[in-house]
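Numbering (the UniProt record's numbering), first residue to last: 1 to 586.
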């Protein structure tokens, strides 16, 4: 998220304000390594800053002319032609070798996939049969995607909420099955997180059932071959070994699927995209799907946004952007678009036009937050704690599933984790309030109705970071925590759970890949807070399907709208260098 240029005279000591101890330790260790290997103090400081910038998502530092001249001749710095600890490219970007090498390899693999394309246009009448009774004016981009994906080794589909990405992907897969492109080796679908993978499966099932009633019989037959039973995380797809810290899949042991679809691709970081591209068969079709206007990955890089930007600038046919919203109630579309464009006047007009479905709450200090939380807690507590599940495994699972799905009715999203406006404090306040409303013991750690989120992958339990659990009482009163994971329902004793947090409030980052009927979005009160950005605000408001409430002061909201954040890195340059982006245009 760094957006500053680095001058030639960085301070000898780096500021420790706001840094976690491990962040400072890594930067200091790298600086000492540079000086121990003959690097100058100036290079040591830049290396440390590059390490810190990487933890903020940047893969490089943008140096000014004086800084470039100052370090360009040092033996530890090269131009990328040979392996050196640091790379200073022609654009003045200073990067750790690892990040430079990842970007260059990604660009080469993307170029190879695009060069191998042999486009297979779909006959007009066949394409029309996939959209029976549709409106070509509204579905033009969807039809273009289905038509263009044939014969590609890489295809990118981007669009905002409600633009029909899942339906388009299903139709693309049906087309690839018809062409026998996917029939031989099968189809794999995945997402970067467990929560996003779970939602992908649910969306695929719902859209598949809907299309089955609409499509002609020959297409309906192919629906049976679609992968609607299970979606994997990207880590699982690539055979990640947490013990070894390596992916099991690669050029010598590729993913078997002939078509691989990655949803929520904006959440992929630099290392994940490199590993994914290396692990696919050269003949496989990779479809990347996501919203390029959302937050970038938690890790380093903005790979999906960079790829979309480069393809869009060149008018490349292997990118399709969906724009039309198909939601029946479109009153939030204007809100999302105004935030995406950073237009405060348009946002004010959209909120007014949305009536009660979009609201402003000027929460600018702790007392105002407490007032909003009291009302929020009262609404959560209104129906009382959930009653015990019915006796019998099948009946209990059915009831638990219904209650889990009901959690998507509302969600409080926070920009921060720590501090009085963060998820830790708001969850504590909500839980304390629920205990009061429901007359629970003050020290009740677990109780029916408690919502938690797994925060660390547990491969043995098949629970993953982002999975949501709901504590419910069995018919005999014993407590279990229910999850909808791996395509089914599972229940565990509270003491058996991996690391987890309360999830009545979650961060905007953690909400990616999810949607809720009603969203309350809490921003920090300081308009100068570095976390504020247009992408953060857009990601938060676009989680809402029916209504959204912005808990933010005027100055804070203005800052977020006015601050588009672009990560510093060299992937765009590498992509442009690797191949003319208008390749594969026929």
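Virtual Cβ for every residue (Gly too), placed ideally from N, Cα, C.
The model shown is predicted, which means the values in this text are computed figures rather than measured ones.
For residue i, three-class secondary structure by DSSP
{"i": "residue 501", "result": "strand"}
{"i": "residue 459", "result": "coil"}
{"i": "residue 232", "result": "strand"}
{"i": "residue 518", "result": "strand"}
{"i": "residue 241", "result": "strand"}
{"i": "residue 294", "result": "coil"}
{"i": "residue 576", "result": "helix"}
{"i": "residue 193", "result": "coil"}
{"i": "residue 349", "result": "helix"}
{"i": "residue 108", "result": "helix"}
{"i": "residue 120", "result": "coil"}
{"i": "residue 473", "result": "strand"}
{"i": "residue 332", "result": "coil"}
{"i": "residue 253", "result": "strand"}
{"i": "residue 285", "result": "strand"}
{"i": "residue 326", "result": "coil"}
{"i": "residue 483", "result": "strand"}
{"i": "residue 493", "result": "coil"}
{"i": "residue 140", "result": "helix"}
{"i": "residue 488", "result": "strand"}
{"i": "residue 47", "result": "helix"}
{"i": "residue 188", "result": "strand"}
{"i": "residue 355", "result": "helix"}
{"i": "residue 131", "result": "coil"}
{"i": "residue 440", "result": "coil"}
Buried or exposed (CB count within 10 angstroms, at least 16 for buried), residue i
{"i": "residue 246", "result": "exposed"}
{"i": "residue 89", "result": "buried"}
{"i": "residue 142", "result": "buried"}
{"i": "residue 569", "result": "buried"}
{"i": "residue 121", "result": "exposed"}
{"i": "residue 350", "result": "buried"}
{"i": "residue 5", "result": "Note on residue 5: pLDDT 38, under 50, position unreliable in the model; the coordinate value appears next. Residue 5 should be labelled exposed."}
{"i": "residue 423", "result": "buried"}
{"i": "residue 298", "result": "exposed"}
{"i": "residue 102", "result": "buried"}
{"i": "residue 456", "result": "exposed"}
{"i": "residue 269", "result": "buried"}
{"i": "residue 147", "result": "buried"}
Inter-residue CB distance, residue i and residue j (contact presumed, cutoff 8 Å)
{"i": "residue 520", "j": "residue 552", "result": "The Cβ separation is near 11 Å, so there is no contact."}
{"i": "residue 573", "j": "residue 91", "result": "6 Å"}
{"i": "residue 339", "j": "residue 347", "result": "6 Å"}
{"i": "residue 498", "j": "residue 481", "result": "Actually they are not in contact, since the Cβ atoms of residue 498 and residue 481 sit about 11 Å apart, beyond 8 Å."}
{"i": "residue 166", "j": "residue 207", "result": "5 Å"}
{"i": "residue 200", "j": "residue 212", "result": "Wrong, their Cβ atoms sit about 18 Å apart, outside the cutoff."}
{"i": "residue 431", "j": "residue 502", "result": "6 Å"}
{"i": "residue 233", "j": "residue 194", "result": "6 Å"}
{"i": "residue 427", "j": "residue 378", "result": "Contact doesn't hold; Cβ gap of about 16 Å is too wide."}
{"i": "residue 523", "j": "residue 310", "result": "The pair is not a contact, with the Cβ atoms about 31 Å apart (cut-off 8 Å)."}
{"i": "residue 397", "j": "residue 489", "result": "5 Å"}
DSSP bridge partner residues for residue i (one or two, in chain order)
{"i": "residue 589", "result": "No answer is possible for residue 589: it lies beyond the span of the chain, which begins at 1 and ends at 586."}
{"i": "residue 247", "result": "240"}
{"i": "residue 87", "result": "78, 95"}
{"i": "residue 453", "result": "468, 501"}
{"i": "residue 506", "result": "413"}
{"i": "residue 52", "result": "DSSP, once it has assigned bridges, lists no residue as partnering residue 52."}
Terminal residues of the beta strand (DSSP E) in which residue i lies
{"i": "residue 423", "result": "No beta strand (DSSP E) holds residue 423; the alpha helix (DSSP H) holding it covers 423 to 437."}
{"i": "residue 531", "result": "Unbroken run through residue 531: none, as it is neither H nor E."}
{"i": "residue 215", "result": "Note, residue 215: premise wrong, no beta strand (DSSP E); not H, not E."}
{"i": "residue 371", "result": "Here residue 371 belongs to no beta strand (DSSP E); instead the alpha helix (DSSP H) covers 366 to 381."}
{"i": "residue 159", "result": "154 to 159"}
{"i": "residue 569", "result": "Here residue 569 belongs to no beta strand (DSSP E), and DSSP marks it neither H nor E."}
{"i": "residue 546", "result": "544 to 551"}
{"i": "residue 359", "result": "358 to 361"}
{"i": "residue 321", "result": "319 to 322"}
{"i": "residue 72", "result": "Unbroken run through residue 72: none, as it is neither H nor E."}
{"i": "residue 261", "result": "259 to 262"}
Alpha helix (DSSP H) segment containing residue i, residue limits
{"i": "residue 149", "result": "Residue 149 -> no alpha helix (DSSP H), and no H or E assigned at all."}
{"i": "residue 172", "result": "165 to 178"}
{"i": "residue 310", "result": "303 to 314"}
{"i": "residue 401", "result": "393 to 406"}
{"i": "residue 272", "result": "270 to 279"}
{"i": "residue 561", "result": "554 to 562"}
Any chain B beta carbon closer than 8 Å to residue i
{"i": "residue 111", "result": "Absent here is chain B; the protein component of the structure consists of one chain."}
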